[in-house]
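Enquirer: Next up is a structure, given as structure tokens.
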Amino acid sequence: MEAETYFLVIIISLFFLWHWLAKYQKLKPNQSHKLPPGPKKLPFIGNLHQLSGAGSLPHRAFYNLAHKYGPLMHLQLGEISAVVASSPDLAKEILKTNDTAFVQRPQFVFGDILSYGGMNIVFAPYGDYWRQIKKISVLELLSAKRVKSFSFIREEETAKFIDSIRKSAGSPINLTAKIYSLISDFVFRAAFGRKYKDQEYVVPLMRRVIEEATGFGLVDFFPSLKFIHFITGKRAKLEKLQKQVDEVLDNIVKEHEEKRREAKEDGVEVEDEDIVDVLLTIQQNDNPNLKMTTTQIKALILDIFVAGTDTSASVLEWIMAEIVKNPRVMEKAQSEIREAFREKERIDESDVEELNYLKLVMKETLRLHPPVPLLLPRECSELSEVGGYEIPEKTRVMINAWSLGRDPEYWSDGEKFVPERFEEWIMAEIVKNPRVMEKAQSEIREAFREKERIDESDVEELNYLKLVMKETLRLHPPVPLLLPRECSELSEVGGYEIPEKTRVMINAWSLGRDPEYWSDGEKFVPERFEGNGVDFKGNNFEYVPFGAGRRMCPGMTFGVASIMLPLALLLFHFNWELPNQMKAEDMDMSEHFGVVISRENELRLIPSLYHP
2 MEAETYFLVI
12 IISLFFLWHW
22 LAKYQKLKPN
32 QSHKLPPGPK
42 KLPFIGNLHQ
52 LSGAGSLPHR
62 AFYNLAHKYG
72 PLMHLQLGEI
82 SAVVASSPDL
92 AKEILKTNDT
102 AFVQRPQFVF
112 GDILSYGGMN
122 IVFAPYGDYW
132 RQIKKISVLE
142 LLSAKRVKSF
152 SFIREEETAK
162 FIDSIRKSAG
172 SPINLTAKIY
182 SLISDFVFRA
192 AFGRKYKDQE
202 YVVPLMRRVI
212 EEATGFGLVD
222 FFPSLKFIHF
232 ITGKRAKLEK
242 LQKQVDEVLD
252 NIVKEHEEKR
262 REAKEDGVEV
272 EDEDIVDVLL
282 TIQQNDNPNL
292 KMTTTQIKAL
302 ILDIFVAGTD
312 TSASVLEWIM
322 AEIVKNPRVM
332 EKAQSEIREA
342 FREKERIDES
352 DVEELNYLKL
362 VMKETLRLHP
372 PVPLLLPREC
382 SELSEVGGYE
392 IPEKTRVMIN
402 AWSLGRDPEY
412 WSDGEKFVPE
422 RFEEWIMAEI
432 VKNPRVMEKA
442 QSEIREAFRE
452 KERIDESDVE
462 ELNYLKLVMK
472 ETLRLHPPVP
482 LLLPRECSEL
492 SEVGGYEIPE
502 KTRVMINAWS
512 LGRDPEYWSD
522 GEKFVPERFE
532 GNGVDFKGNN
542 FEYVPFGAGR
552 RMCPGMTFGV
562 ASIMLPLALL
572 LFHFNWELPN
582 QMKAEDMDMS
592 EHFGVVISRE
602 NELRLIPSLY
612 HP
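Just so we're aligned, residue 2 is where the sequence shown starts under the numbering used here, counting upward by one.
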């Protein structure tokens, strides 16, 4: 939430207190409902003042409040009645058991403007249109077959990425910048067929879109006070940004249309080379049930670029940070990788599939660092019941995925990075955990030892690397607060009533730390996933870095594929250390809040060449 928000709230409250008191009885939740417990509400601002703690990171503030008021709590955020869920059982009630009541998204100023009025998959209202574009995304744009067809792009760009690091071996490098550049290249080539001519302008522009997409601005908490748009300048800022983004997307679509027109005139068969081509083919089909406008195409392209870039880059960065911080994990992962690739001349994506420990590292990173720690909010569409409480219609519902990954009922030592907990931020956790780095590098170097070229198929064999991936997603979910939902009817969750229109939030960050599920939840331990069957595909509600249910992220397969090969090659070709003789335990692991949680500071490391 923006820092100036709190000062503006205080100033406005002095001038409009009487206005609020006149409306208060209409705006406050119906007291006849059995609402979840929560902190005392102040006039006008409700509980907004309680979001200013925890370094202005809402998923951490909700996590702390949940310890006092329980895993399902009611908050009044300005005019918005909100419910936050921070336990796997309650997340399951919202995302699966009562999914139809909580599938709706609440309205945000950002969503209205940047999503072309709700034309994209993230903010589109639940209904026939949403089902249509979800089907297009899952079956046409981001299917396993389509993602696999882009493997040559990931392999080519990763080879260039490794070469650029090799040239800087022995000197500190800004790994954050290199990772974001790599993932942007993946997405540009897959979506547009090539790197964009003005990429240096477009990439920062798209990152600004992500920075504006928090949903925690003053204009979203007081939707009836339209003058706030003018005072904060928020709407004007978003409209200017949308105009710049639309110009870029318009040029991309027109270039593809011209290319296809020229091919048709030359009698050449038009092939679906990239995602824009696929969308244009759908647009030109005669199927009356699958029609698309150019505006809808632009909305979906923006979805793919924004979601595909920041989430994957953030997770890869967290993995490397955790591995460096945990030397045991690094050693184990490198051992697996180097053994698997020992005799290979070329390493591709299929090789990476065999790296089982690397998969554990991935899982553990997602547990500790879910890319979206608060799953995108939902809105209750009817009076519902969750956890024995009523959730009124129109209540905003949020799930704290960050908290779920730390739930002590599911994760022992939930704050530790232990890939073995699955027997699965990535670079940050690897560097911070030398044990993990050593183990991952051992796996990778053994697997790739005699290979001249490594591709994606090789990476499939790296089991420990998969554990590292899982553990990173637990600790650092890319979206810690899942995007809010809105309750469409009176519902019940955890024994409480959730009124219609209540905004519902799931704290994915908190779930990944729940001591009921994760022992030592703050530790990075990829081995915690070893043999336990917990995965990030939406079936284990203590671990939902990509969400769950109908609104689950459709780009999960693309995102994971964008991480595994670069990660394996970073650990195969290089040993990593911190600059200025910094110790692993002194690494700064601070978070920067947005809809996607990235590191507060850039990850700077020293690579040194590995000689088998």
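Every residue gets a Cβ at the ideal spot worked out from N, C-alpha and C, and that includes glycine. Since the structure is predicted, the reported quantities are computational estimates derived from the model, not experimental observations.
Short check: CB of K179 to CB of I166, under 8 Å?
Expert: The sequence position of residue 179 within the sequence shown is 178, counting from 1. The sequence position of residue 166 within the sequence shown is 165, counting from 1. Yes, they are a contact pair.
Enquirer: Thinking C-alpha only, which one of E157, S150 and V139 is nearest R552?
Expert: Within the sequence shown, residue 552 is the residue found at index 551, counting from 1. That would be V139, whose Cα lies nearest to the Cα of R552.
Enquirer: How far does the alpha helix (DSSP H) with S336 in it extend, from its first residue to its last?
Expert: Position 335 of the sequence shown, counted from the start, is the residue given in the question as residue 336. For S336, the enclosing alpha helix (DSSP H) stretches over residues P328 to A341.
Enquirer: Going by alpha carbons, who is nearest to R422 out of F525, N434 and K395?
Expert: Here the question's residue 422 lines up with position 421 in the sequence shown. The shortest Cα separation from R422 among F525, N434 and K395 belongs to F525.
Enquirer: Within 10 angstroms of the Cβ of L483, are there 16 or more other Cβ atoms? Answer buried if so, exposed if not.
Expert: What you label residue 483 is simply residue 482 of the sequence shown in a count that begins at 1. Buried, because 16 or more other Cβ atoms sit within 10 Å of the Cβ of L483.
Enquirer: DSSP on E138, reduced to helix/strand/coil?
Expert: Sequence index remark: in the sequence shown, residue 138 carries index 137 (1-based). First, the amino acid is wrong: residue 138 is Ser here, not Glu. Note: S138 maps to helix in three-state DSSP.
Enquirer: Whole-angstrom Cβ separation of G495 and G389, contact assumed at under 8 Å?
Expert: One-based indexing of the sequence shown puts residue 495 at position 494. One-based indexing of the sequence shown puts residue 389 at position 388. Right, the Cβ-Cβ distance comes to about 5 Å (below 8 Å), so this counts as a contact.
Enquirer: Beta-carbon separation of I507 and T396 under 8 Å?
Expert: Position 506 of the sequence shown holds residue 507. Position 395 of the sequence shown holds residue 396. No, these two residues do not count as a Cβ contact at 8 Å.
Enquirer: Is L606 closer than 8 Å to L579 when the C-beta atoms are compared?
Expert: Along the sequence shown, read from residue 1 onward, the residue named residue 579 stands at position 578. Along the sequence shown, read from residue 1 onward, the residue named residue 606 stands at position 605. Yes, the pair counts as a contact, with Cβ atoms nearer than the cut-off.
Enquirer: Bridge partners of I320, per DSSP?
Expert: Residue 320 sits at position 319 when you count from the first residue of the sequence shown. Answer is A429, bridged to I320.
Enquirer: Between F189 and the rest of its own chain, which residues show a CB-CB distance below 6 Å, the 5 nearest in sequence each way excluded?
Expert: By one-based count along the sequence shown, residue 189 stands at place 188. Counting only Cβ-Cβ distances below 6 Å, and skipping sequence neighbours, we find K196 and Y197.
Enquirer: Beta-carbon within less than 6 Å of Y25's beta-carbon, same chain only, minus the 5 sequence neighbours each way: which residues are those?
Expert: Taking the sequence shown and counting its residues from 1, one reaches residue 25 at position 24. Note on Y25: pLDDT 45, under 50, position unreliable in the model; no value is reported.
Enquirer: Can you round the beta-carbon distance between K299 and K364 to whole angstroms, since I take them to be within the 8 Å contact cut?
Expert: As a first step, residue 299 is located in the sequence shown; it is residue number 298 there, counting from the start. As a first step, residue 364 is located in the sequence shown; it is residue number 363 there, counting from the start. No, K299 and K364 are not in contact; Cβ-Cβ is about 35 Å, not under 8 Å.
Enquirer: Could you tell me the distance, in whole angstroms, from the CA atom of V535 to the CA atom of E439?
Expert: On the sequence shown, position 534 is the one that residue 535 refers to. On the sequence shown, position 438 is the one that residue 439 refers to. Each residue's alpha carbon lies about 24 Å from the other.
Enquirer: For the beta strand (DSSP E) that contains Q77, what are its first and last residues?
Expert: Taking the sequence shown and counting its residues from 1, the one referred to as residue 77 is at position 76. Element bounds for Q77: L73 to L78.
Enquirer: With DSSP as the reference, label K417 as helix, strand or coil.
Expert: Locating residue 417 in the sequence shown gives position 416, counting from the first residue. Here K417 sits in strand by DSSP.
Enquirer: Buried or exposed for I12, please, with buried defined as at least 16 other CB atoms from any protein chain shown within 10 angstroms of its CB.
Expert: On the sequence shown, residue 12 is found 11 positions in, with the first residue counted as 1. Here the model assigns I12 a pLDDT of 48, short of 50, so the residue's position is not dependable and the matter cannot be decided.
Enquirer: Tell whether a beta-carbon distance below 8 Å holds between W301 and L568.
Expert: As a first step, residue 301 is located in the sequence shown; it is residue number 300 there, counting from the start. As a first step, residue 568 is located in the sequence shown; it is residue number 567 there, counting from the start. Looking at the sequence itself, residue 301 is Leu, so the reference to Trp does not match. No.
Enquirer: Using the Cβ count rule (16 or more neighbours within 10 Å means buried), how would you classify S185?
Expert: If you number the sequence shown from 1, residue 185 lands on position 184. Per the 10 Å Cβ criterion, buried.
Enquirer: Should P38 and Y70 be called a contact, given that it needs their Cβ atoms to be closer than 8 Å?
Expert: Mapped onto the sequence shown, residue 38 falls at position 37. Mapped onto the sequence shown, residue 70 falls at position 69. Yes.
Enquirer: If I measure Cβ to Cβ from F109 and keep anything under 6 Å in the same chain, skipping five residues before and after, which residues do I get?
Expert: Taking the sequence shown and counting its residues from 1, the one referred to as residue 109 is at position 108. Once the five neighbours on either side are set aside, the close Cβ partners of F109 are G216 and D221.
Enquirer: Assign A170 to one of three DSSP states: helix, strand, or coil.
Expert: As a working mapping, residue 170 is identified with position 169 in the sequence shown. The answer is coil: DSSP assigns A170 none of H, G, I, E or B.
Enquirer: Taking the beta carbon of P613 as the centre, do at least 16 other beta carbons fall within 10 Å, making it buried, or is it exposed?
Expert: For this step, residue 613 is matched to residue 612 along the sequence shown. Counting the other CB atoms within 10 Å of its CB gives P613 a total below 16, which places it among the exposed residues.
Enquirer: Roughly how many angstroms lie between the CA atoms of H257 and Q200, to the nearest whole one?
Expert: Here residue 257 refers to the residue found at position 256 when the sequence shown is read from its first residue. Here residue 200 refers to the residue found at position 199 when the sequence shown is read from its first residue. Looking at the two C-alpha atoms, the distance is approximately 17 Å.
Enquirer: Can you give the beta carbon distance from S336 to E447, rounded, assuming they're within the 8 Å contact cut?
Expert: Residue numbering aside, residue 336 sits at position 335 when the sequence shown is read from its first letter. Residue numbering aside, residue 447 sits at position 446 when the sequence shown is read from its first letter. Contact flag correct, Cβ pair sits at about 6 Å.
Enquirer: What whole-angstrom Cβ distance do E453 and E346 have, given they're in contact under 8 Å?
Expert: To locate residue 453, count along the sequence shown from 1; it is residue 452. To locate residue 346, count along the sequence shown from 1; it is residue 345. Their Cβ separation, rounded to whole angstroms, is 2 Å, which keeps E453 and E346 in contact under 8 Å.
Enquirer: In the DSSP assignment, find the alpha helix (DSSP H) that holds I598 and state where it starts and stops.
Expert: Locating residue 598 in the sequence shown gives position 597, counting from the first residue. Note, I598: premise wrong, no alpha helix (DSSP H); not H, not E.
Enquirer: Under a three-way DSSP split, which group does E487 fall into?
Expert: Translated into positions along the sequence shown, residue 487 becomes position 486. E487: strand per DSSP, three-state reduction.
Enquirer: I think A322 touches A429, with their Cβ atoms under 8 Å apart; what is that distance to the nearest whole Å?
Expert: Locating residue 322 in the sequence shown gives position 321, counting from the first residue. Locating residue 429 in the sequence shown gives position 428, counting from the first residue. Right, their Cβ atoms sit about 1 Å apart.
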